[in-house]
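Written out below as structure tokens is the structure these notes cover.
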Amino acid sequence: MRPSPPPDPPALDVRSELASAVREVLAAWGVADRVEVPVEPSARPEFGDLSTPAALRCAPVLRRAPLQIAGELREGLAARHLPFVREWTVSPPGYVNCRLDDAVWAPAVIGQALALDPAVPLRPLADPAPAGRTLVEHTATNPNKAAHVGHLRNACIGDSVARILRRAGEEVEVQNYIDDTGVQVADVAVGMRHLGLEAEPGEPFDHFCSRVYVEVGRRYEAEPSLLELRARTLREVEAGGNDTARFVKDLAGRVVDRHLATMGRFGIGYDLLTWESDIIALGFWQRAFELLRYSGAIVLAAGGRHAGCWVMPAGGETGDDEDAKVLVKSDGVATYTAKDIAYQLWKFGLLGRDFHYRRWHPEDPASPATTTSGEGTLPAAGFGRAHRVINVIDARQAYPQQVVKQGLARTGHPDEAERSVHLAYEVVALSPPAAAALGVDVEDGKNIYAFSGRRGIEVRADDLLDRAMERVAGKAADPDTAARLAAGAIRYYLQKFSLNQVIAFDFDEALRVSGDSGVYLMYSHARAAGILRRVAPPTEPLRVPGLEPVERALLHALDGYRHALAEAGRGLSPSTLCTYAFGLASALTDFYEHTEAIVREPDPVRRDFRRSLVAATRATLADCLSCLGMAAPDRV
RNA sequence: GCCCCCGUAGCUCAGUGGAUAGAGCAGAGGUUUCCUAAACCUUGUGCGCAGGUUCGAUUCCUGCCGGGGGUACCA
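In my numbering, each number is its position in the first sequence, counted from 1, plus 1.
Structure (structure tokens):
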């Protein structure tokens, strides 16, 4: 007869339950709606397992001493007889702490981790369900050159934000916007058609384009008359229906294919490719122009430096304004920002028009991506129509993004403007050693050196990944594992900084395989998986032995997962989850290093408990890594 | 000039209106008959400066200093 599996432990989110209990006491005091009630792991084990500073927060409202309030809060909580709490204490300056009943708490935490299911949304019990669809735009790399690590930071942030929100149960649609009618792609077209540059044998197309882009920049400086070629190219692209427009569209498409391949190596993909040329061809801008014009959001500047341009006044007033943003140039051509307003209106379903759609590579079943099109073959698939829009765009574009948001507000959609988020992140620049390695003169002693695609000063995403693969190849089990470790290492490096921190890119840091690195996280997962391979799973319901401090710490780390995920989602902050993941991996390592090997554990209760603890950690780490777009390998 | 971001240990960065501010790296020393050493242990008088709000400020406000970015008929 086969042993029956252990029964499911009770679903119990201890922190949320505790927060509810505190809130109830505060409600009885009539202050619940005026005080935030955080419940957090105790700062030090001697205080207890969980603590709340609720009494401290009440002090200003109740105008009484925090410690006294804490005593009354403790009484109120103790009277509720929560089954998972063994003891309540108060400590200065006014914390209320509790010690949990391990026999109830530990199985609940482990049970929840083992029950993690990607198909079941994960969020704290107290958090409300999401309101509607969220549209995330990210990557949006100009299709005229190879993607560098700055573009990769954008894509990693956007992809992880999408993953984090999806994990919490939100409906998320990811779009990659292709600026195929801009100056940058026009420059490369000029280079290819008029300067006679040729790709080298075996050179990837986007790398070739990068080279052309640099060379064209040099030629413009030497022969300013060439700039007329650029202007003519732009006009023809804007008009459409001519050889130049077709040439540029084809050029952009081939570069986009390279970008998709590069991002694919990092596990990054898109639901929809949106093309600026389609926004033009389908009259999106004309429609947006009407909306803006008739709502008075834009005006035709009669004089001043913007004479003859349609502008959005900076202050919201009409009339000439030197700080106004030009949306239609005096030659009648719409600026990038203007088309972005049209796109943004469409994203919320406010434009009254839609794209056509088709498969991006209809001949390739393995490539299911959808693209907008001027003359599509797919039925309208319900893209856009978002409740919330998140645009992942670097911080330098804060001003034009503000104009886009104003475009919504001033056409009568203040709520949508409110739900239109510019997720700004600071740029990736070069640390002095990295800059020197790329041939930049660093004699001036600056802290950071800017990338410059125009001058060829950049670190290409593909090249960095290749280097990372070389770095791990010697120790990795096989090439596939090496590729996953390398991609994960780079993703972690680009995600772990908070968004408003400039990354001074450094090769040693990006390729690090030890310490606070992606490789360490993936290695920790593999280590847990290795233990699970060597120890038979339990056959009895979980029983809890006396807990070691490292076990208690690991349980707390596990218990924090859904809260870390929720916080990362609220703050649209992958770095928050990175910090959590490193803490969890470190807690596992601490447990691993400071307890006896489970394979040799003679006591079946303790062996089963510890194996379950490792299994719970492996499951949580895997879930967390997946939200960060990183692999969770069973072996490295 | 105006606006935004940053300033925490030698370096790179977390962090929070509260309980003794944490990691990684670099340096020094140590750990392997033991589930993966891509690991662990030991070693540290740091919140730019000055005011203000507060019972309590590294966290919030103001001013200053230093660094980066924006302020295009580029994106």
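No residue lacks a Cβ here, since even glycine has one placed at the ideal position from N, Cα and C.
For residue i, three-class secondary structure by DSSP
i      : result
Asn501 : coil
Trp89  : strand
Met631 : coil
Pro603 : coil
Ser211 : helix
Asn98  : strand
Leu63  : helix
Trp361 : coil
Ser17  : helix
Pro108 : helix
Arg167 : helix
Glu323 : coil
Ile269 : coil
Pro380 : coil
Ala511 : helix
Glu41  : strand
Ile458 : strand
Classification of residue i by the beta-carbon crowding that lies within 10 angstroms, buried from 16 upward
i      : result
Thr373 : buried
Gly1   : Residue 1 is absent from the structure shown; the chain starts at 2 and stops at 637.
His152 : buried
Glu138 : buried
Gly121 : Rather than Gly, the amino acid found at residue 121 in this sequence is Val. Val121 should be labelled exposed.
Tyr271 : buried
His557 : buried
Ser222 : Rather than Ser, the amino acid found at residue 222 in this sequence is Glu. With fewer than 16 Cβ atoms within 10 Å of its Cβ, Glu222 is classed as exposed.
Asn145 : buried
Asn143 : buried
Arg247 : exposed
Arg220 : buried
Residue i vs residue j beta-carbon contact at 8 Å
i      : j      : result
Leu589 : Cys625 : no
Asp181 : Leu548 : no
His388 : Gln402 : no
Ala156 : Ile269 : yes
Ala632 : Ile165 : no
Arg535 : Val460 : no
Gly377 : Phe349 : no
Trp311 : Val329 : yes
Arg259 : Asp207 : yes
Leu117 : Pro93  : no
Inter-residue Cα distance where the pair is residue i and residue j
i      : j      : result
Arg306 : Val327 : 10 Å
Thr319 : Ala511 : The pLDDT assigned to Thr319 is 47, lower than 50, so where the model puts this residue is not dependable; a value taken from the coordinates is nonetheless given after this. Those two C-alpha atoms are separated by around 49 Å.
Ala436 : Leu578 : 30 Å
Gly242 : Ile280 : 15 Å
Glu88  : Val551 : 21 Å
Val493 : Thr140 : In the sequence on display, residue 493 carries Tyr and not Val. Their backbone Cα atoms lie some 17 Å apart in a straight line.
Asp34  : Arg420 : 25 Å
Val390 : Glu291 : 23 Å
Asp55  : Gln287 : The sequence shown places Ala at residue 55, rather than the Asp named in the question. Going from the Cα of Ala55 to the Cα of Gln287 covers about 55 Å.
Glu239 : Asp332 : 12 Å
Glu417 : Arg100 : 46 Å
Pro415 : Ser296 : 13 Å
Phe592 : Ser613 : 13 Å
Asp481 : Leu57  : 53 Å
Ala127 : Ser17  : 6 Å
Val520 : Leu466 : 14 Å
Arg513 : Ile491 : 9 Å
Ser574 : Ser226 : 47 Å
Arg124 : Ala565 : 9 Å
Val215 : Ala169 : 44 Å
Phe498 : Ala302 : 43 Å
Near the ligand ADP: residue i beta-carbon under 7 Å from a heavy atom
i     : result
Asn98 : Only the bare structure without any ligand can be found here, which leaves the ligand ADP out of the picture.
The alpha helix (DSSP H) enclosing residue i, as first and last residue numbers
i      : result
Pro525 : In the sequence as displayed, the identity of residue 525 is Ser instead of Pro. Its alpha helix (DSSP H) spans residues Gly519 to Arg535.
Asp251 : Asp244 to Arg266
Thr590 : Pro575 to His595
Glu229 : Leu228 to Ala240
Leu352 : No alpha helix (DSSP H) holds Leu352; DSSP gives it neither H nor E.
Ser368 : First-last for Ser368: undefined, no H or E at that position.
Range of the contiguous beta strand (DSSP E) that encloses residue i
i      : result
Ala425 : Ser421 to Tyr426
Tyr450 : No beta strand (DSSP E) holds Tyr450; DSSP gives it neither H nor E.
Asp395 : Arg389 to Asp395
Glu138 : Thr135 to Glu138
Gln695 : Residue numbering for the chain in the displayed model covers 2 to 637; residue 695 lies beyond these limits and cannot be assessed.
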